[in-house]
Amino acid sequence: MTSKVYWGSPRQALLDGKETLPAKLDLIIDALHLRDRVNKENVCIKLHVGNDIGYSVIHPVFVRKVVQAIKDGGGKPFIADVSWDVAGCEQRGYTAEVLGCPVYPAAGPRDHYYYTHDWEYKNLKSWKVAGMIEDASFMVNFAHIKGHPATGFGGAFKNIALGCMVGETRGQMHDVNHFDRYWFKDRCPDAELRKKIVDSCPFGALVFDKNDPEEIHIHFDPCNNCMRCQQVAPEGALKIDAVNFQAFQEACAISTAIT
Ligand code: SF4
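Numbering (the numbering used here), first residue to last: 627 to 885.
Set out below in structure tokens:
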């Protein structure tokens with residue numbers, strides 16, 4: 627299924643307020659008929675509000691415009707994000723006074739308010755969707771774009787896939803690429819050779835298990851498939867396999883479908 631995409635270019639050809647990005651957002655809100663679609667709806671604006679000193683998120687000026695449009699259309703907006711990002715988000719300008727609607731921790735302040743959905747996928751048996759999000763009758767997926775080591779880019783998809791789940795489920799999703807075995811220690815009983823394998827990775831993607839010196843783990847984010855480790859490891863000892871790299875994306879697709 628394809629969707630119509632509206633693009634507001636950051637390029638400003640004239641020194642004119644109509645050429646600014648906030649003005650272009652107004653045009654996009656009109657083109658989407660947002661006001662006509664939210665009457666009497668309980669509207670969740672799913673936004674990432676950043677964390678600590680992270681500031682590469684959507685500026686409150688833009689958020690306020692979306693909030694106002696929803697109110698103009700007779701909807702009841704609120705903003706939701708993961709619990710520990712909402713705690714302290716006022717330091718980055720995300721307050722009800724600035725934005726025009728409340729900012730809620732999506733699963734409550736202790737991450738205990740959620741709905742459970744069963745869907746078996748590798749290490750995941752059930753998925754916990756934040757309660758405030760599932761209770762909403764309408765959602766605006768207001769996502770910024772960022773580079774992301776496990777997915778290439780994070781954007782609208784990631785804002786839903788990870789941002790709508792409670793911390794426990796997000797942790798399980800991040801573990802999913804370790805589910806299919808890739809290290810076979812019986813194929814490499816030599817401790818010196820195991821060290822050579824770990825040292826062969828120029829990106830620090832191979833590490834020893836903290837408790838078991840015979841176990842090797844891959845950090846999939848920095849691994850770039852250069853295969854240098856394969857020149858050192860005995861045959862069949864270490865698999866660099868697409869199935870491990872794709873698992874996180876597949877988990878994100880499932881959580882988006884559930885949400
Ligand atoms: S394939 Fe990955 S783990 Fe192996 S050496 Fe290259 S970056 Fe490191």
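We put the beta carbon where it would ideally sit given N, CA and C, even for glycine.
With a threshold of 6 Å, the Cβ atom of N677 does not count as near ligand 1, since no heavy atom of the ligand is closer than that. The residue from K702, A733, V724 with its alpha-carbon nearest to that of G793 is A733. If you draw a 10 Å sphere on the C-beta of P839, you find fewer than 16 other C-beta atoms in it, and that means exposed.
Following the DSSP letters along the chain, one finds C670 inside the beta strand (DSSP E) bounded by residues 668-672.
C-alpha of K666 to C-alpha of K702: approximately 7 Å in a straight line.
Per DSSP, the unbroken alpha helix (DSSP H) holding S826 starts and ends at 817-826.
For L832, the uninterrupted beta strand (DSSP E) segment begins and ends at 832-834.
Here the distance from the Cβ of A831 to the nearest heavy atom of ligand 1 is below 6 Å. Distance from the CA atom of K865 to the CA atom of Y808, rounded to whole angstroms, is 5 Å. Taking 7 Å as the cut-off, the Cβ atoms of F768 and Y730 do not count as close. Between F871 and F846, the C-beta gap is smaller than 7 Å, which places the two residues in contact. Counting other Cβ atoms within 10 Å of its Cβ, Q717 stays below 16 and is therefore classed as exposed.
Three or more beta-carbon pairs drawn from the segment 689-701 and the segment 663-680 are found closer than 8 Å, and the two stretches are therefore classed as touching. For the options N677, V755, K784, A762, the alpha carbon positioned closest to that of Q875 is the one of K784. By the neighbour-count criterion, in which 16 or more other beta carbons inside 10 Å mark a residue as buried, N851 falls on the exposed side.
I866 has its Cβ nearer than 6 Å to a heavy atom of ligand 1. Secondary structure note for D707: its beta strand (DSSP E) is the uninterrupted segment 702-707. In terms of side-chain proximity, the C-beta atom of N803 is found no nearer than 6 Å to any non-hydrogen atom of ligand 1.
L660 carries a helical assignment under DSSP once its states are collapsed to helix, strand and coil.
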